[in-house]
Every structure is written in C-alpha cells, then in structure tokens.
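Visitor: Just so we're aligned, residue 595 is where the sequence shown starts under the working numbering, counting upward by one.
We put the CB at the ideal spot given by N, CA and C, even for glycine.
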Amino acid sequence: MFDHVFAELRHAARGVVLDGENRILLCRCVLPGAVVWITPGGGIEEGESAGSALRRELLEEVGLNFEGPLRPVWHQRLIGPEYAQGYDGVINDYFLVYAEAFEPAGRLSEVELAAEHLTSFRWWRLDEIADYQGPELFGPRDLAAALDELIAEGPSENPVVLGP
C-alpha cells in the first residue's frame, strides 16, 4: 500500500440531526454520476471552529438554529478528488444534534441550495436506511450500521472512525 501525501483536504463539520423518534435528517445531494443522501453541514471556513461552522451550515441549509452542546460522534477521512471539488479529499467531523422534528427551510434560496447540489431534505428512520434498495446512496456508505450503533449505545467517548 502506498502512503500518499495529499496537498489539500477540505475539512467539514456535519450534523447527525436526530429527532425524538431517532429519525435522522438527511439532504439529497445530486452529484455527477450519483445521488447521495448526506447529513447537513459543510466546509469549515478559515478562522472558524468546527462548531461554529456546523451551526452556520445548519441555519443556512435546513433552518435549524441550534444553541445546545455539540458532541463529536464520527470522524471520516476520504481521499480522492470526487469527494470535494478542487480538493484532494475531505475530512468530515460529525456532531450529534438532538432537535424536535421540523420542516427544513434554511436561509439559502433554492438556487443557492442547487449550487451546493442539494435538492431536498427528508427525515429517515433507521430501518428505512437499512432496507433501502434504490439507486441512491448514503454518505457515509455505512450510515445504517453507524447510526444503529449510535442509537443503541449512545455516543462513545471518542469519535468512531468511519469508512467511505
């Protein structure tokens, strides 16, 4: 196996937003060649903390003004230009966010959301993710297993390292 040094990885903060029924809020992201359901969130801007970035992204994308504590639950490192345009890959840090169910309506317009490749939002039950047989993907790919563990056991002391 080769050890590569990558010039630039995009660091992102993502929210594992769960409601009172343990449904997770996901964003439908349409990319060239794939449609992926992902957690809300995005890139951390220069001088911004992961927590500040996630709070900003939640407000912009889905309209959630979250003031509570953010608990890191998952960490993911993906290498390849397909993960973040203009970068060699991405580092995703996922934080647990509990919220009452709401109808996602962020501050970004439909045009701005489309520029972010986001087309819709949906609350998913764990069994719907685990049983899904359609052509669309979930990000991370092992979302059902990671979510099942998180719901059953609660957050671990250190973030769980996820695969692609």
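Count the other CB atoms, across all protein chains shown, that sit within 10 Å of the CB of M595; report buried if there are 16 or more and exposed otherwise.
Guide: Low per-residue confidence applies at M595: pLDDT is 39, beneath 50, and the placement is therefore not dependable, though the value from the model is reported in the following sentence. M595 should be labelled exposed.
Visitor: Alpha carbon to alpha carbon, how far is C623 from E751?
Guide: Answer to the nearest angstrom: the Cα atoms are 30 Å apart.
Visitor: Please report how far the alpha carbon of A678 lies from the alpha carbon of G635, in whole angstroms.
Guide: So the alpha carbons of these two residues sit roughly 13 Å apart.
Visitor: So, does the CB of T633 fall closer than 7 Å to a CB anywhere in chain D?
Guide: Chain labels in this structure do not include chain D; a single protein chain is all it has.
Visitor: Consult DSSP for M595 and reduce its assignment to one of helix, strand or coil.
Guide: Summary for M595: the model assigns pLDDT 39, below 50, so the residue's position carries little reliability; its value from the coordinates is reported in the next sentence. Residue state, collapsed to three classes: coil.
Visitor: For E747 and L720, I'd like the C-alpha separation in whole angstroms.
Guide: Those two C-alpha atoms are separated by around 14 Å.
Visitor: Alpha carbon to alpha carbon, how far is V691 from P663? Give it in angstroms, no decimals.
Guide: Cα to Cα, P663 sits roughly 8 Å from V691.
Visitor: So, do the stretch 634-653 and the stretch 605-616 have three or more beta carbon pairs nearer to each other than 8 Å?
Guide: Counting Cβ pairs under 8 Å, three or more are found: they touch.
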